[in-house]
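The block underneath contains the structure these notes are about, expressed in structure tokens.
Residue numbers (our numbering): 435 to 651.
The following block contains the structure:
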């Protein structure tokens, strides 16, 4: 007998919800996971909402519905990636308090709630470090009262970045559900130059995908 599961899918922006961006990838990952683990999807819930804010759970009626369904069936809720729940540790802790088991398909079914907290903490720390570095760099530039570069060159760089992003966007959309490091490896193997030239790395992939609104909160 197959174990029932409840599948939960989420995209962070309304435009992604309208276009279906990311949803097909999440469905493929969870369907494949269920088939490999002798599980059966007994319910599916799709959310178009941000993962940020202390009241994020209140703004996710489909997640609340998925929790109710899972409690009714006494089964876990499955998501494709941890960030489809949130990168916020407090939010993850709140979900764990609901006493409904969660499975992240990319991590495997053996990951316990404590490890989910750890993964969320690492993701949250990474996000905060990037934000803090950006804030400090901008503050230093303002303190010096210095404009970095000239406007003409800035416009040229911006136009070049937009052209490069438009060219690579369809490729990133195809691979968005893969880990950043695997996307970086694939782009490098295809001979696609990174924004700075040469090989790609996970951080560069993340920045480009965030800028294009392909992945993340």
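All C-beta atoms, glycine included, are put in the ideal place defined by N, C-alpha and C. Here the structure is a predicted model, which is why all the values come from computation and not from measurement.
query                                                                                                                : result
The stretch 563-574 in contact with the stretch 539-547 per 3-pair CB rule at 8 Å                                    : no
Residue 497 versus residue 578 - alpha carbon distance                                                               : 47 Å
Test item: CB-CB of residue 475 and residue 441 under 7 Å                                                            : yes
Meets three-Cβ-pair contact criterion under 8 Å: the stretch 633-643 and the stretch 592-612                         : yes
Own chain partners of residue 628 with C-beta closer than 7 Å, once the 5 adjacent residues on each side are dropped : 634 and 638
Minimum C-alpha distance to residue 493 - residue among 502, 499 and 483                                             : 483
Cross-strand partners of residue 614 (DSSP beta bridge)                                                              : DSSP, once it has assigned bridges, lists no residue as partnering residue 614.
For residue 504 and residue 534, believed in contact at Cβ under 8 Å, the rounded distance                           : 5 Å
Three-state secondary structure (DSSP) of residue 528                                                                : helix
Contact with chain D by residue 545, beta-carbon distance below 7 Å                                                  : The chain labelled as chain D is not found in the depicted structure, where only one protein chain is given.
Closest residue to residue 463 among 480, 570, 512 and 446 (Cα-Cα distance)                                          : 512
Burial state of residue 506, where buried means 16 or more other Cβ atoms lie within 10 Å                            : exposed
As assigned by DSSP and simplified to three states, the class of residue 476                                         : strand
Close Cβ partners of residue 537 (< 6 Å) along its chain, the five nearest in sequence each way excluded             : 510, 512 and 543
Which listed residue (525, 466 and 473) has its alpha carbon closest to that of residue 437                          : 473
Extent of the continuous beta strand (DSSP E) run through residue 444                                                : 437-445
Distance CB(residue 481)-CB(residue 444) smaller than 7 Å                                                            : yes
Under the three-state DSSP convention, the category residue 455 falls into                                           : Because residue 455 carries a pLDDT of 49, less than 50, the predicted location of this residue cannot be relied on, and no value is offered for it.
Nearest residue (CA-CA) to residue 470, options 495, 522, 539 and 456                                                : 539
Cβ-heavy atom distance, residue 493 to the ligand FAD, below 6 Å                                                     : This structure lacks the ligand FAD, and indeed carries no ligand of any kind.
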